[in-house]
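Below is one structure; the comments refer to it alone.
Protein chains: 2
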Amino acid sequence: MEDKIFKIRHSLAHLLGAAVKELFPNVKIATGPAIENGFYYDFDFSGNADSSGQDAEKRGITEKDLGKIEQKMREIFKKWQGFERKTISYNEGKKLFADNPYKLELIEEYNKDGKELSIYISGDFTDLCAGPHIEDIKDIKTDAFKLERIAGAYWKGDEKNKMLTRIYGLAFSTKEELISYELQQEEARKRDHRKLGKELKLFTISDLVGAGLPMLQPNGMILRKEIEDYLWDLHKDKGYDRVWTPHITKKGLYETSGHAAKFGEELFRVKGGDEEFFMKPMNCPHHMQIFSDNQFSYRDMPVRYFEPATVYRYEKAGQLSGLTRVRAITQDDGHLFCRGTQISEEVGTIVKIIKEFYTTMNMMGKYWVRLSVRGDDKSKYLGGDEVWEKAESALEKSAKENELNYKRVEGEAAFYGPKLDFMFYDAIGREWQLATIQCDFNLPERFDLSFTNEKGEKERPVVIHRAVSGALERFMGVMIEHFSGNFPLWLSPVQIKVVPVRENHNEVAKQVGDELKKNGFRVDCDMNEGNMGGKIRDAKTKRIPYTIIIGDKDIAVNKITVENRDKGQLGQMDLKEFIEKIVEERNKKL
Amino acid sequence: MEDKIFKIRHSLAHLLGAAVKELFPNVKIATGPAIENGFYYDFDFSGNADSSGQDAEKRGITEKDLGKIEQKMREIFKKWQGFERKTISYNEGKKLFADNPYKLELIEEYNKDGKELSIYISGDFTDLCAGPHIEDIKDIKTDAFKLERIAGAYWKGDEKNKMLTRIYGLAFSTKEELISYELQQEEARKRDHRKLGKELKLFTISDLVGAGLPMLQPNGMILRKEIEDYLWDLHKDKGYDRVWTPHITKKGLYETSGHAAKFGEELFRVKGGDEEFFMKPMNCPHHMQIFSDNQFSYRDMPVRYFEPATVYRYEKAGQLSGLTRVRAITQDDGHLFCRGTQISEEVGTIVKIIKEFYTTMNMMGKYWVRLSVRGDDKSKYLGGDEVWEKAESALEKSAKENELNYKRVEGEAAFYGPKLDFMFYDAIGREWQLATIQCDFNLPERFDLSFTNEKGEKERPVVIHRAVSGALERFMGVMIEHFSGNFPLWLSPVQIKVVPVRENHNEVAKQVGDELKKNGFRVDCDMNEGNMGGKIRDAKTKRIPYTIIIGDKDIAVNKITVENRDKGQLGQMDLKEFIEKIVEERNKKL
Chain A
1 MEDKIFKIRH SLAHLLGAAV KELFPNVKIA TGPAIENGFY YDFDFSGNAD SSGQDAEKRG
61 ITEKDLGKIE QKMREIFKKW QGFERKTISY NEGKKLFADN PYKLELIEEY NKDGKELSIY
121 ISGDFTDLCA GPHIEDIKDI KTDAFKLERI AGAYWKGDEK NKMLTRIYGL AFSTKEELIS
181 YELQQEEARK RDHRKLGKEL KLFTISDLVG AGLPMLQPNG MILRKEIEDY LWDLHKDKGY
241 DRVWTPHITK KGLYETSGHA AKFGEELFRV KGGDEEFFMK PMNCPHHMQI FSDNQFSYRD
301 MPVRYFEPAT VYRYEKAGQL SGLTRVRAIT QDDGHLFCRG TQISEEVGTI VKIIKEFYTT
361 MNMMGKYWVR LSVRGDDKSK YLGGDEVWEK AESALEKSAK ENELNYKRVE GEAAFYGPKL
421 DFMFYDAIGR EWQLATIQCD FNLPERFDLS FTNEKGEKER PVVIHRAVSG ALERFMGVMI
481 EHFSGNFPLW LSPVQIKVVP VRENHNEVAK QVGDELKKNG FRVDCDMNEG NMGGKIRDAK
541 TKRIPYTIII GDKDIAVNKI TVENRDKGQL GQMDLKEFIE KIVEERNKKL
Chain B
1 MEDKIFKIRH SLAHLLGAAV KELFPNVKIA TGPAIENGFY YDFDFSGNAD SSGQDAEKRG
61 ITEKDLGKIE QKMREIFKKW QGFERKTISY NEGKKLFADN PYKLELIEEY NKDGKELSIY
121 ISGDFTDLCA GPHIEDIKDI KTDAFKLERI AGAYWKGDEK NKMLTRIYGL AFSTKEELIS
181 YELQQEEARK RDHRKLGKEL KLFTISDLVG AGLPMLQPNG MILRKEIEDY LWDLHKDKGY
241 DRVWTPHITK KGLYETSGHA AKFGEELFRV KGGDEEFFMK PMNCPHHMQI FSDNQFSYRD
301 MPVRYFEPAT VYRYEKAGQL SGLTRVRAIT QDDGHLFCRG TQISEEVGTI VKIIKEFYTT
361 MNMMGKYWVR LSVRGDDKSK YLGGDEVWEK AESALEKSAK ENELNYKRVE GEAAFYGPKL
421 DFMFYDAIGR EWQLATIQCD FNLPERFDLS FTNEKGEKER PVVIHRAVSG ALERFMGVMI
481 EHFSGNFPLW LSPVQIKVVP VRENHNEVAK QVGDELKKNG FRVDCDMNEG NMGGKIRDAK
541 TKRIPYTIII GDKDIAVNKI TVENRDKGQL GQMDLKEFIE KIVEERNKKL
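Those protein sequence lines, which keep their order, are chains A and B. Going by my numbering, the first residue of the first sequence is number 1, and it counts up by one from there. Going by my numbering, the first residue of the second sequence is number 1, and it counts up by one from there.
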């Protein structure tokens, strides 16, 4: 994040602070960092002459004020030359910010931690700040930022503290980037999977069951089953075996694996009678138990297990959202047990599967791979340097050999090993971390896994953890938004709607519907009362790929009239010809 | 149980007590009831002159003594005329059993509960007993009983109490029944699914994960997936929709449904942070949440949900066994929401599915259905008399209309409604309760479910709960024993093994294997080193249905030599002809 755009955003946070201070002289400024897509600043308006209560209105500021503040920012910006940094002493700090309890609290903290205190000065505005800021202030384009919205935020994010007023701003390098981001956001709102999930009856979140625990309606389950079955189709001829493991385990499994220590509060703890269990946050330890109940030889290697399995992680209630942030996470999980020499070939097979899958999903246009390695704080990871170097270099070698467009990023590894994380872009250009391939020399050690090699000796296997869709719930959320609910034929809950023009066409409509069903299609043969227009509108609302109209003109020539959701009218066709066409479309997943 | 065989068994328990008392005069007799297939009596041998310690040997009795005791039983029996019942007073009881602390404890208890005290006298043996015993002692055939084994048992089943010695006996109405039961037991031991599960590598129970939480090995998962897929095939064209629900829920769901109160200690309790959840012991409340998130009209009814879903119940550790008594229970669950007038037709469809499924499994030869209704203790059930009468008569009417061979049994209903429980018999004649159809007027009320009827009014649906296999884990256990591991082709983990006679036949063997794989078969093409004989033996050990041998003689005439697991040598065949044959065998699930 320490790049130019980060510095621009951070500098704009100061500009926001300066503008608000000029407009509301009694305001107390708290903190103002750069964030993804922009910046924010937190303010305490309670000293403001106009303010007395809890909500933004009474605190003297509403979203209506944003224009005024933005204008003031631009005004002040004209006077600014740049950012001057100064280190100050504890006492200087206390004097400088004597009227600001928030800054004083930070000064005390920094001082206690032995951190250097610094301030940044620009124009008349001085802020306690560690920096960095933009070197050349001309890099900030005043038409490339914008104040976005107001929200409440507790001081230091702690609900025991005072509620402050947070003003969010958007900021980019150029005006074009800002506009394009705003258009993307508008488009994202239209295709929000929570909204479409309701409209298309895909899933249900109930108060009685709880947030983060979505249930799939029949339509959502069709979507999920198609994806799940497709994933298995991609694996089954490549030496993978399906396995099944329960959702809970005695605590010992995760004490041995290290998950208990690593996941901590994220683990769901289970009690049956007086016995204690955990819900599984990952499937790997279970799969290792399946492996170790065999006596494998080098001839059996690699051993490959596949299981779409639901794991449970206690995410904080405030972070839960629709299908994309959930507590019940179904991974299309797989674990390969192989020899060191087999890693690259195995990674190659997985990469092929990933590429085929995301080509089908129309997401392979642009992508990149993050080689996620350990960060500075080595205490967060299992195992020693030697093992990690081996795993990281094995994975990097595989990335090279498989010609992946990869970038090495520190601090993003799993606790047991480095990863190749695949980043894809959806239809409106948003980046999603989806597939992953992970190399693990540590857990096989912890579980003392082995197979017999050519010399009759015990040899330790390497484990490759892999997921293609990542998590099915999140992936479904991404797909709903990616396709904006207009799923390709093979994924559509209802694939074809048959509409008789009048009641006397019902019989032929039913015959057509039955013929389509015989070919394995999901068909809604709408013989309810109600006029044709309403039925066709219903097909559009439900985003059904094909609508077939059956009327006198069709029956007279023994044809059907076909309309496609995306291409419009296709005119009259032979039923047989139509079926051939859509069978190909479905089977090829076009 | 109050039938003749029960009385015979109970009477034999007394005979056992009498025999042991004669042989070991210092023994203290505790209790001796009739049980399934026989009887037992618990003894305290600690007063026995020979005894001093914990184990049976030291307590003066081992399984070697059973013959002697049995002989004594037959001796005494000759002297017995019958069972004379006498009621006695509290004081008479205390006098009569003054030297027996167990009987004294029981007398105190009965007295406290205000129960009548009675004794049964036969020959010189008198026992405190509520009866009943056999009226005509000639009904006891001395060649139709047998002492079986010895086990330790805590007094009153409480591990805080003293460990007593339990002697088990088998008893039937005739000698033939006894012999046939013993043969069945011997056969059952041979096909024990825990033994076969290991030999055929079907599942794994690991100490780290815990008892009652089996994991499926690849072979076991093939078996399970075939069964699961077949079950869905039987449902998908009958108006069922698949849904998906998470394995946990906030507590409120089960407080509303009544499951929390009903399941009590059987519920797994879950904590995430400070939030409290339950693991689901049943899927119905979740499915009702899915239903109620729709606005259905009478035109949509019945609505049918299908979900093979794992529920969790905390069974006591001592009761867990292999796949048949587990804590993770995957039900092939389904819930139908319908109108009262639709119950019988819906039950009819389910009955058809059940009959087709169990015909395929070769279990439809003999079966009966238990109409399980409420027992005397009405407090164990939800809802009032009127609702129960409605549900019971609806189900009984359906049973009649669908010509089921049913018997009404009190006290076996689910807590929310009556059931039709299907009892099937396996290959060695053991009865298993498997499929179930349940009628529920109560939970729809509790969840305030409704649809809109023809008059535009809200109408309450009835819910039919149904499972065909019951629970997949238990069903798999039953199937392993039913087929004794010799699964039909469609269920076999490996369906065909291809064995080249010598290394120079490997290439043709591979071609044959590939052709079979192309036709969707699971093939083990055994090109490892090692001789042909060993490879064929391996196929037998693994109970692979077909073994194909490829040698010079086969290649010369462009044929394959086929051996079938059950039918033996099938001789030379065209590959094409063989494939046609086994495709039919597989697809028809023969």
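Idealized CB from N, CA, C, for every residue including glycine. Being a predicted model, the structure only gives us computed values, none of them experimental.
Cβ contact annotation for H482/A (same chain, cutoff 6 Å, sequence separation greater than five): D426 and A427, in chain order. Nearest neighbour of T561/A by Cα position, chosen from K198/A, A399/A, G210/A and I496/A, turns out to be I496/A. Contact between S469/B and L434/B holds: CB atoms are separated by about 7 Å, below the 8 Å threshold. Against chain A, the CB of N528/B has a partner CB under 8 Å away; the residue lies at that interface. Under the three-state reduction of DSSP output, F357/A falls in the helix class.
For N564/A, the enclosing beta strand (DSSP E) stretches over residues I560 to N564. If you ignore the 5 residues before and after M288/B, its C-beta comes within less than 7 Å of the C-beta of L443, F447 and L449, all in its own chain and listed in chain order.
Look at I290/B: its C-beta is under 8 Å from a C-beta on chain A. The Cβ neighbour count for G212/A, taken over all protein chains shown within 10 Å, is at least 16; the residue is labelled buried. Listed by position along chain A, the residues whose Cβ is nearer than 8 Å to that of R224/B are W244. Residues of chain B whose Cβ lies closer than 9 Å to the Cβ of I496/A do not exist; the shortest such Cβ separation is about 17 Å.
Exposed is the label assigned to G520/A, since fewer than 16 other Cβ atoms lie within 10 Å of its Cβ. Listed in chain order, the positions of the stretch 320–334 of chain B with a beta carbon within less than 9 Å of a beta carbon of chain A are V326, R327, A328 and T330. Think of a sphere of 7 Å around the beta carbon of K250/A: the chain B residues whose beta carbon falls inside it are L208, V209 and G210, in chain order. Linking G197/A to D229/A through their CA atoms gives a straight-line distance of about 21 Å. Residue pairing by DSSP places M573/B opposite I560/B in a beta bridge. With a cutoff of 8 Å on beta-carbon distance, V498/B and I548/B are scored as near each other. Going by DSSP, A30/A is part of no beta strand (DSSP E) at all; its letter is neither H nor E. Taking E75/B as reference, the option from P545/B, V20/B, G273/B and F6/B with the minimal CA-CA separation is V20/B. In the DSSP assignment, W368/B is bridged to M423/B. Rounded to whole angstroms, I582/A and E182/A show a C-alpha spacing of 37 Å.
If only complete runs of 3 or more residues are kept, the stretch 380–458 of chain A shows the beta strand (DSSP E) at 406–410, 419–425 and 431–440, in order along the chain. At least one beta carbon of chain A lies nearer than 8 Å to the beta carbon of K271/B.
Here the alpha carbon of I88/A sits roughly 41 Å from the alpha carbon of P418/A. The way I'd put it, the stretch 198–211 of chain A does touch the stretch 242–260 of chain B; three or more beta-carbon pairs between them come closer than 8 Å. Uninterrupted alpha helix (DSSP H) stretches at least 4 residues long and entirely within the stretch 248–333 of chain B occur at 251–257, 259–263 and 284–292, given in chain order.
Relative to the Cα of D207/B, the nearest Cα in the group D376/A, D293/A and M301/A belongs to D293/A. As summarised for the stretch 91–135 of chain A, the continuous beta strand (DSSP E) elements at least 3 residues long and confined to that stretch are 117–122 and 125–128, given in chain order. Nearest CB-CB separation between D158/A and chain B: not below the 8 Å threshold.
In the displayed model, P500/B falls within a strand according to three-state DSSP. Rounded to the nearest angstrom, the gap between the Cα atoms of D136/B and I8/B is 10 Å.
Straight across, the Cα-Cα distance linking Q184/B with T256/B is about 46 Å.
Between R474/A and T310/A a beta carbon distance of about 13 Å is seen, past the 8 Å cut, so the two are scored as non-contacting. The three-state reading of DSSP puts F6/B in helix, counting H, G and I together.
Residue environment: N564/A is assigned as exposed (fewer than 16 neighbouring CB atoms within 10 Å of its CB, all protein chains considered). For K236/A and M476/A, the gap between their C-alpha atoms comes out near 22 Å.
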